[in-house]
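Residues in the sequence shown are numbered from 15 upward in steps of one, following our numbering.
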Amino acid sequence: MLAKKNPTKSILEHSEEAKEKAKELKEILINFSIFNNRLFELLEIAAFYHDIGKANQKFQERITKNIKRMFEDEVPHNLLSACMLKSDLGLNKDEEKSVVLAIAFHHNVSTDKANNAKLKDNLKELENNKEYLVKKMGIDFDIRKENIRKLSSKAKHINSLKSLQQFILLKGFLHRVDYAASSGLEIESGWEESIYDAVNEYMECHDFKKNKLQEFAENNCDNNIISIAQTGMGKTESALLWAGNYKLFFTLPIRVSSNAIFHRAKEMGIKSAGLIHSTSLDFLEYYGDDFTKVYDESRLLAKKLTVSTIDQIMKFPMLYPGFERDLTTLAYSKVVIDEIQAYDPDVAALLIKGLELINKMGGNFYVMTATLPAIYKEELEKRIPNMKIDKFVDEPPMLRHRVQIENDSILNADEEIRKASIDKKILVIVNTVDTAIKLYNKLKEEGANLLHSRFTMEHRSELESKIIKFSGQNQNGIWITTQIVEASLDIDFDFLFTEASPLDSLFQRLGRCYRRRPIEDDKINVKVFTNHISGYGTVYDKFLINKSIELLDGMSDLEETIKIDLVDKLYSVETLKQQEKTKFLTQFNETLRWLDDLYENIYKEEMSKREAQTRLRKLKTINIIPEYLTKEVQSLIKDLKTTSDENNKRDLKRTINMKTVSIQDFSTDYKQDKRLINKELIDEDLNLFRLPSSKYYYYEQDKSGLIL
């Protein structure tokens, strides 16, 4: 009686492996105060019985004949498993209800599939064949039709449990042990490794003395903390020291920042480091022959340190089916949120709700940022008491930025940029891709470089590496970019030309210029252009830009304490209430109310994991292929359809994905979009390969990433 194919595993083998993973988890976590011995006993029972429903005839026929789709009269095996528990397992009513519901929904089927006469018919068939099935499968069971009503009223029965937290933990752990047993990987990889020891050893070897920020984090390793610290103060090291010997999730806004932190962790000698984002497999390939194992363990949340973009690990407050796995893992972990101000207000609201839930479940968090909007700080203090908060700047103060306001369009600054680049590294940051392209066209003869989000993933990855390398070399030149370079990118330029943006964004941009060095003369090193601002009212709220320009009026020398105070003023409730039409405060408050209501009605409303991720990313995207890659991609898809080698399939899917550009979907009729050629590749087979989209549009784009 098979449970898995490729590799082949019987139901008994998989059940015993899952139970063994539950025992391993107990040995690792039993000393955590939020867990108890009985929880792990229930987990072993759930793990052993979770797939017993696969003994039904229809499932066995499908798995032996390699049929993917369920038969019309077939019931999901997990619902059957929930009605096949032995009746003498020593469970009280509340415990049995928890186990039944955890098993029933460990594959997150919709509730309406449970409220079905087919379930009774399938159970009757199992009951009639019980003697044969027990002998064949090697596991005894009872048919428990009384459990059907628990499945058809899922929310009612879950919310009637004595401890909702215990149920979330049980179901979350069941997801973990099932995935680990199916993959053959460790449920916790590198658990014995100490992140703290690795970082301390690295700092000692390099004669790095801990500064006040790092000492603050180290001394508050048992607390939830917030540090507001200028760039270049060693926030990464402070976070790793704060982790101590605990499991750590380090979250960042963008992939390139995540890659950089992962690379830094490996440099420091942290062996069990993982990476999760949309293209992490490609990045990990550069780190050795076992990169696929590192990738798989990362996705299983098994690593001692996991570096991740927030959409991969912090979407659980939207309570999509299966959210329990993430929340349960974070309950015994530490979580770092880097640069919270880099997110839109609705995403920031989701992060704050997430931190509240992590704290309730027993985990700890560290918010580290260069600037912290006052309304975020106030909301965190209201929801999570007893946090430790401190600010850190250079002592004595170091002046790194002298700013000049220009009442002009940045598109008129091309000649000034050209002259400045003769003996300096020049960074230009604008608010939209189209503006970046226009300025590039004016400066490309000077050898200017361009970086924005409209390149293919493959090309963008090359450009991100190139700008980091350029920053560290002794050469001059021009890089024209959008705000994708703002957060956590370790680059240092000599002069910044930038369009005006809200102060938190603007000060992040300043952090890419004179990152760790003081100005040694009376010259300016930043110019902010405040006229004909691109993205005005679309990318950024008009009120926030206008208020930012107003607050900067008359400013020149911007020490770090001044920056922090200015951001506090901009995002204070008093300031935001000055303009009723500002979207910022409305978005933030409405999203928090929605998330609070969602949690109050937990298990009554459900969204899909994909919907949660889309909402977290805020805008839906479609994948497009530049015209010059059309023939190459079509050839790759042809190979993908014909190959039977799984490794080759994986490599082909990655290659296709890296040749796409992800663009925002504003519900446009793409067939009428003048930027799109009248071609599109629509292939239902692509869904079977789990490629990013079943529709690939060919885009009028050349190798330089320009829209023609």
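Don't be surprised by glycine CBs; every beta carbon is placed ideally from N, CA and C.
Counting only residues of its own chain and dropping the five nearest sequence neighbours on each side, P387 has a CB closer than 7 Å to the CB of Q355, D518, V581 and Y585. A residue is called buried once 16 or more other Cβ atoms fall within 10 Å of its Cβ, and D135, having fewer, is exposed. Counted as a single uninterrupted DSSP element, the stretch harbouring V321 is not any alpha helix (DSSP H) but the beta strand (DSSP E) occupying residues L319 to T323. Listed in chain order, the non-local C-beta contacts of T605 below 6 Å within the same chain comprise D360 and A363, local neighbours out to five positions each way being set aside. Between S101 and D156, the C-beta gap is smaller than 8 Å, which places the two residues in contact. For Y300, the closest C-alpha among the options M282, F276 and I25 is that of F276.
Below 8 Å, enough C-beta pairs join the stretch 340 to 350 and the stretch 370 to 384 to call them touching: three or more.
Annotation for Q179: the continuous alpha helix (DSSP H) segment containing it runs L178 to S197. Taking G368 as reference, the option from E353, I398, M382 and T495 with the minimal CA-CA separation is I398.
Boundaries of the beta strand (DSSP E) around Y380: N378 to T383. Sixteen is the threshold: since fewer than 16 other Cβ atoms of the shown chains lie within 10 Å of the Cβ of C219, the residue is exposed.
Following the DSSP letters along the chain, one finds T512 inside the beta strand (DSSP E) bounded by residues F509 to E513.
Beta-bridge partners assigned by DSSP to N463: W493. The alpha-carbon of K285 is positioned some 14 Å away from that of N259. Taken through DSSP and simplified to helix, strand or coil, V540 comes out as strand.
Ranked by Cα distance from R468, the first of S241, E478 and E459 is E478.
Cβ-Cβ separation between L178 and A96: approximately 19 Å, too far for a contact (criterion under 8 Å). Counted as a single uninterrupted DSSP element, the alpha helix (DSSP H) harbouring S112 occupies residues K107 to A118. The beta carbon of F73 sits closer than 8 Å to the beta carbons of G67, E88 and H91 from its chain, once the five residues preceding and following it are set aside; these are given in chain order. Collapsing the DSSP output to three states places Y390 in a helix. If you compare the alpha carbons of W256, T589, S548 and M247 with that of I389, the shortest gap goes to T589. Taking a C-beta distance under 8 Å as the contact criterion, Q592 and V407 do not qualify as a contact pair. When only Cα atoms are considered, E500 and G525 end up about 8 Å apart. Residue pairing by DSSP places A427 in no beta bridge whatsoever.
Assignment of L99 by DSSP, reduced to helix, strand and coil, places it in the coil class. The three-state secondary structure of Q601, taken from DSSP, is helix.
When rounded, the separation of the alpha-carbon atoms in E393 and E370 is 10 Å. Going by DSSP, D310 is part of the alpha helix (DSSP H) stretching over F305 to R313. Per DSSP, the beta-bridge partners of E420 are F543.
Here F264 is bridged, per DSSP, to V321 and V350. If you look at F406, you'll find it in the beta strand (DSSP E) that goes K402 to F406. Excluding residues up to 5 positions away in sequence, Q244 and V407 lie with their Cβ nearer than 6 Å to the Cβ of E574 in the same chain. Scanning T293, K223 and N173 for the CA closest to the CA of E614 turns up N173.
By the neighbour-count criterion, in which a residue is buried when 16 or more other Cβ atoms sit within 10 angstroms of its Cβ, R607 is exposed. Each residue's CA atom was taken as its position, placing L227 and M217 some 15 Å apart.
An exposed status is given to D437, since fewer than 16 other beta-carbon atoms sit within 10 Å of its beta-carbon.
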